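Chains as they are written, first to last, in full-length UniProt numbering: chain A, 1 to 355; chain B, 1 to 355; chain C, 1 to 355; chain D, 1 to 355.
There are 4 protein chains.
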Amino acid sequence: MAPKKLQVAAAGLGRMGHRHALNFLNRTPRAELVAAFSPDPAELQWGKQHLEPFGVTLYDNYDKMLEHQGLDAVVIGTATSVHAEEAIKAMEKNLHVLCEKPLSTSIEVCKEVVEAAKKRPHLKVMCGFSRRFDDSYRDAYNKVEQGLIGRPTIVRSQTCDKHDPSGFFVAYAAWSGGVFVDMSVHDIDLTLWFFGDDVVPKSISAHGVVAVQPGLKQHKDYDNAVGIVEFWNGKIAHYYCSRMMAHGQEDVTEIIGTEGKLSVNLNPQNSLVNYYHSGGITREVPAHYYGRFEMAFVREANEFTDACLDNTPLPMKLRNAVKAVEIGAWLQEALVTGKQIHFDETGKRIEKASL
Amino acid sequence: MAPKKLQVAAAGLGRMGHRHALNFLNRTPRAELVAAFSPDPAELQWGKQHLEPFGVTLYDNYDKMLEHQGLDAVVIGTATSVHAEEAIKAMEKNLHVLCEKPLSTSIEVCKEVVEAAKKRPHLKVMCGFSRRFDDSYRDAYNKVEQGLIGRPTIVRSQTCDKHDPSGFFVAYAAWSGGVFVDMSVHDIDLTLWFFGDDVVPKSISAHGVVAVQPGLKQHKDYDNAVGIVEFWNGKIAHYYCSRMMAHGQEDVTEIIGTEGKLSVNLNPQNSLVNYYHSGGITREVPAHYYGRFEMAFVREANEFTDACLDNTPLPMKLRNAVKAVEIGAWLQEALVTGKQIHFDETGKRIEKASL
Amino acid sequence: MAPKKLQVAAAGLGRMGHRHALNFLNRTPRAELVAAFSPDPAELQWGKQHLEPFGVTLYDNYDKMLEHQGLDAVVIGTATSVHAEEAIKAMEKNLHVLCEKPLSTSIEVCKEVVEAAKKRPHLKVMCGFSRRFDDSYRDAYNKVEQGLIGRPTIVRSQTCDKHDPSGFFVAYAAWSGGVFVDMSVHDIDLTLWFFGDDVVPKSISAHGVVAVQPGLKQHKDYDNAVGIVEFWNGKIAHYYCSRMMAHGQEDVTEIIGTEGKLSVNLNPQNSLVNYYHSGGITREVPAHYYGRFEMAFVREANEFTDACLDNTPLPMKLRNAVKAVEIGAWLQEALVTGKQIHFDETGKRIEKASL
Amino acid sequence: MAPKKLQVAAAGLGRMGHRHALNFLNRTPRAELVAAFSPDPAELQWGKQHLEPFGVTLYDNYDKMLEHQGLDAVVIGTATSVHAEEAIKAMEKNLHVLCEKPLSTSIEVCKEVVEAAKKRPHLKVMCGFSRRFDDSYRDAYNKVEQGLIGRPTIVRSQTCDKHDPSGFFVAYAAWSGGVFVDMSVHDIDLTLWFFGDDVVPKSISAHGVVAVQPGLKQHKDYDNAVGIVEFWNGKIAHYYCSRMMAHGQEDVTEIIGTEGKLSVNLNPQNSLVNYYHSGGITREVPAHYYGRFEMAFVREANEFTDACLDNTPLPMKLRNAVKAVEIGAWLQEALVTGKQIHFDETGKRIEKASL
């Protein structure tokens, strides 16, 4: 008898959602995509062409999709605003959940999801921070674990997007939570991975400018921002996020330890080709994050599937996803208010008056 | 109704064969692996564990496998000595064929396969030169096609393996056809791609040494060899092949044109990580060709499948596979005899006496 | 008649001083080293061997050296604490001055030097920020001037030293002014260069740790620190300084503009050699700043000489040297107090109460 | 008393000659440029402006310059055709000689110089192969000496010039000795350095094309050529020379040993700057060999001076300069005739009939 395959439904078939759907359809051998939902007729039309012929049932109603016979798990790639509600509903139907980041831009809502998951410890509930599934970050992490750099002390990490002059990110800023929540949350998650989940912030500073997207000002957001998070155990992370790169996606991380250092993607490249011409030697850079992290998303789908089928631990804790958003929100607050934020050794925020 | 999937059988489940089988099983959405054959009990045992549970029927007899109901295509990954016979048998059963390189180390036998394929133009018969399916080589090829480097004039290409002290390659040399046929055939195939299939060799020189595998001498083979092929239309390719690399696989190609140059993989890397330590900055290198070319094999399986299902042209001509082996064999001859080989403008070999 | 050569005296023959002396002796064709001073017998002994035979008169008294017949200029490479006094004395003797950075760790004292220089506009008085004389930084600056990156918006710059376990830097911290004044002052100077001398800070944040040199705590200094300076015209600089590198000196700068980016020394290297071995591919890194910037010091000596002899403008303003130290001192204050510092649009500091 | 400085005269003030003159004038502390000769009025005019004011006596007659009072050494940077004659004349006047490469394009003439030098063992006579004085090649050589790569087995070395469309090299080809003698002679010299001076060639093959300078055909020369030299002790060198590079000077060497590999300048760069723009990431490349090797020429002048003053051994043997030209001439012969050349184990050439 053929081994059981995980029966998966995909919620959302937009920018990220359709990629998750295709990855579970085609690149996750132990999973079977059986259902997909979108509230958007255009997305459903796409599904009719690319999913339905392969046996995927389409739904325009999320609740109905959850009733799909034999369903084991849901991958949520809808708009951030409905992530949490959909995740909780899925858990209530006893389904495993792989949710696109973030669970929510509201910490309170994030915590509700964590609470819901805690009550159902037999379910696998993961918020996908794709970089944890990237070969190069895994390689770096293993080298840290082997002690190659001594005690990790400084993380420098940046998420820098190619400039998109379409204005998309201006509209998006209205509900994205701000650049630190939307972009740097990945860098913060990596920090929690490399420094340990239990690190406690001591103080947070952030500064930003609006350089190429003046419309961002109306949403109190920035297109370039720099932030520092100091932790109580003698560690510091500093971040740079930007939507202004001319050359493409440039997501770089350095982990500096007492005895060595690791860099990840310091020299971004689109392929192994260099072009030599009268102006010098040029290499191209991926235009988007999916060009950089495509295989990480594939691995994420596969490792999530393994954990569900084999009842093994997920490679990352749901709680971290909340902590990363929380730190991102503090950075954003420090950025917008222009004021440092301080915490005591238990992580409790110290109000300014008490300083 | 679900779209038709290509029904594929895999012949051979050894080093390369089992990878083809898994790629058709798991990473080729439009294909279905339905059967697999191996004459080797250990390989069949592996198949029992990794293929049979997923609906793949196992055979210990190649001819019987060809009778598998509904079969469309065979991927041949057995020992080189049986490639040609198996390919011809498959064609006789009206099956498409994807055959590991080379078709044979004998040019005569290669040509028989080409003849057999010519008689069945409706069949897709491809000899897999994986580098043609590699993203970076595709990128380089597109840049050449766009005219970025003017007229391609010089190809420098090397296939260099990590030193394997096990002695495997000494035994292998008995029937591999020699290093130029076994290793440089990839570089020659790339040359035909970048220079055009119709290039005619003018003269061939080669020199080699036995540096780390003295046992090779008994098979008149070498562990390091350098060769030059001059073509009649003012183009030159030079090759280096080695089985002596300390650091890993290093397959580099440069295409030098009248107005620019392209390099592929000049700086090999295993991941995007650099490790900084008291001795400097180090990056690791893939240990084997599959570490470098895994995704090319996946793409090969998918493009072969597309061509079969859609009856579209294959991305490379079967005849080239013969031409690449033929040039490889001449290089090997020049290497072993220590004598240059010359050709007239029609490609006819000029015997020494007539020089 | 031979062209006039600049008659130069060197004050200080220690770590940096002896290099200045040798550069003026041997590598500055239009200058002639005629005198040298040191209060330290060991340094004088070195001078007896390396300078005296070539016609350089040695002094153990700075004032007497200033009386040396025909003297035109003094290069000051003594301890920081006497830089200012020696510079002012030299000006009083109508001598041009090239002074090692910083003029002083006290802003007040720095300003006195600037005042003294203002009164003698015919004298060339320069505080040597060597990176302004480095080929690569010059190249980057020219590209910015050509508009290649649009409007410079973000500077990221780091000065990172190889870990010196000798304890030297613990003692040194007692009077160095702290890491931001001692190390990052170079990065701040570069910022003033790339952003323009007239930029006005808006707010300053800094955080640091003591990771490998616990003795630094007694001097309220740090071995790793991160700081952000936000300027009023929509520009941001962020800095990292460290004395903990395992691999060597790593001074990196990125200048990010609205239409492109420049990096300087992102991949440090000691030579053009890569070493391929069983652990991968390794390149070495200069162990010290002089390994990275030696030729910049040579160029500095030459350009200073040219300005003196030809009465042409110096390549950098003395006032900037003060401004760089001032910003460094604010960063250090923010680091030590754990509090952000704010400024109004005229650059006047805003006290906390008024926020 | 000031230490004795080497009194040097410069012969030739053209392309290379004026650089030698300036290096001895300004960048060789232990030498003093006292005289210079050129037969060319324009070059003498340059000397009037740049040398005479600094005490250098100019001559339009080589023999007269040799009579210059107190002269110790001559640096010869005139046209190749007079190198040998001038070198021998200088030796006859008991002067040390640093001669630009090659001594001559005629092996016979080269040997006469060597003979003349043998008779005067107290004189230092060096033919300048600048790469032996380059920091990076020195670094590589030291690593080989330390045994880091085991037994050196393969050298790949290329000298590739930026395309000069002026036609200069067509005229130059009339008397340059051909590309292998003019360009690859550096790579051959490096081979002798890395493999040992006593290596005996076994066979030589070469192939070339005229791709961008059709005028070269009249001089039986090529703008791209590839050659292989096999040595009797199990070593192979292969060379590529080109005058067709779009991007600049690209002189690369790889030394491959039984246990590791070294590369020199695999990624040429003009400075440490990378420019990030909408087309990717670009670094510039030096346009000419002096951009790559300037400091090697300076070091050459200094080490030659040291050897003369201290009567210490020169860093390279004069005989090697002949051997390098000899191998270059054989490569050129193999290139032009299209025939391999063979040698017996004593290095005696084996004529074709005897094969």
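Even glycine gets a Cβ: it sits at the ideal position worked out from N, Cα and C.
Treat the numbers as computed from the prediction; the structure is a model and nothing was measured.
Original post:
On the three-state DSSP scale, how would you describe asparagine 311/A?
Top reply: coil
Original post:
With burial defined as no fewer than 16 other Cβ atoms inside 10 Å of the residue's Cβ, what is the status of proline 313/D: buried or exposed?
Top reply: exposed
**OP:** Mark glutamine 49/B as exposed unless 16 or more other C-beta atoms lie within 10 angstroms of its C-beta, in which case mark it buried.
**Re:** exposed
Original post:
Beta carbon of leucine 216/A, beta carbon of valine 170/A: below 8 Å?
Top reply: yes
**OP:** Measure the Cβ-Cβ separation of alanine 211/A and glycine 234/C and say whether it is below 8 Å.
**Re:** yes
Original post:
Taking valine 325/D as the reference, which of Phe37/D, Phe180/D, Gln158/D and Phe195/D has the closest Cα?
Top reply: Phe180/D
Original post:
According to DSSP, is threonine 80/D helix, strand or coil?
Top reply: helix
Original post:
In this structure, does DSSP put glutamate 52/D in helix, strand or coil?
Top reply: helix
Original post:
Name the chain A residues that come within less than 9 Å of valine 264/B, Cβ to Cβ?
Top reply: Ser271, Leu272, Val273 and Asn274
Subject >> Simplified DSSP state of isoleucine 149/B, which is helix, strand or coil >> reply: coil
Original post:
If you check the beta carbons only, do alanine 296/B and glycine 248/B fall under 8 Å apart?
Top reply: no
**OP:** Kindly indicate if chain A contains any beta-carbon less than 8 Å away from that of lysine 143/B.
**Re:** yes
Original post:
Could you give the residue range of the beta strand (DSSP E) that holds arginine 283/A?
Top reply: 280–283
Original post:
According to the Cβ coordinates, are isoleucine 341/B and glutamate 333/B closer than 8 Å?
Top reply: yes
Original post:
For the stretch 54–69 of chain B, which residues have a CB atom closer than 8 Å to at least one CB atom of chain A, in sequence order?
Top reply: Phe54 and Gly55
Subject >> the stretch 238–248 of chain D contacting the stretch 157–175 of chain B, beta-carbon criterion three pairs below 8 Å >> reply: no
Subject >> When Lys348/A, His96/A, Thr337/A and Ser203/A are compared against isoleucine 76/A, the one with the closest alpha-carbon >> reply: His96/A
**OP:** Give the DSSP bridge partners of valine 325/D, in chain order.
**Re:** Paired residues: none, contrary to the question.
Original post:
Counting only beta-carbon atoms, is glycine 260/A nearer than 8 Å to chain C?
Top reply: yes
Original post:
So, does the CB of glutamate 52/A fall closer than 8 Å to a CB anywhere in chain C?
Top reply: no
Original post:
Measuring CB to CB, does asparagine 23/A end up less than 8 Å from aspartate 197/A?
Top reply: no
Original post:
Any C-beta of chain D sitting closer than 8 Å to the C-beta of aspartate 189/C?
Top reply: no
Original post:
Mind checking if arginine 349/D is an interface residue toward chain B, Cβ cutoff 8 Å exclusive?
Top reply: no
**OP:** Note the first and the last residue of the continuous alpha helix (DSSP H) segment covering methionine 65/D.
**Re:** 62–66
Subject >> Helix, strand or coil at proline 41/B according to DSSP, with G and I counted as helix >> reply: helix
**OP:** With a 10 Å radius around its C-beta and 16 neighbouring C-beta atoms as the bar for buried, classify serine 205/B as buried or exposed.
**Re:** buried
Subject >> Chain-order list of residues whose beta-carbon lies under 7 Å from that of methionine 16/A (same chain, five-residue window excluded) >> reply: Gly77 and Glu100
Original post:
Taking Cβ to Cβ, would you say serine 46/C is nearer than 8 Å to leucine 98/C?
Top reply: It should be pointed out that residue 46/C corresponds to tryptophan in this sequence rather than to serine. Not in contact: tryptophan 46/C and leucine 98/C (Cβ atoms no closer than 8 Å).
Subject >> Coil, strand or helix - valine 8/A by DSSP >> reply: strand
**OP:** Specify, as a first and last residue, the run of the alpha helix (DSSP H) that asparagine 233/A falls within.
**Re:** First-last for asparagine 233/A: undefined, no H or E at that position.
**OP:** Find the nearest neighbour of serine 278/B within the set Lys261/A, Asn274/A, Asn26/A and Gln218/A, judged by alpha-carbon distance.
**Re:** Lys261/A
**OP:** Enumerate, from N- to C-terminal direction, the unbroken beta strand (DSSP E) stretches of 3 or more residues contained entirely within the UniProt domain "GFO/IDH/MocA-like oxidoreductase" (137–262) of chain D.
**Re:** 152–162, 201–209, 224–231, 235–245 and 252–257
Original post:
At which residues does the beta strand (DSSP E) containing glutamate 100/A begin and terminate?
Top reply: 96–100
Subject >> Integer-rounded CB distance, given that histidine 207/B should sit under 8 Å from cysteine 230/D >> reply: This sequence places glutamate at residue 230/D; cysteine is not what is there. About 4 Å; that satisfies the 8 Å criterion.
Subject >> tyrosine 275/B versus alanine 35/D - alpha carbon distance >> reply: 53 Å
Subject >> Per-residue contacts from isoleucine 281/D into chain A (C-beta, under 7 Å) >> reply: His247, Thr282, Arg283 and Val285
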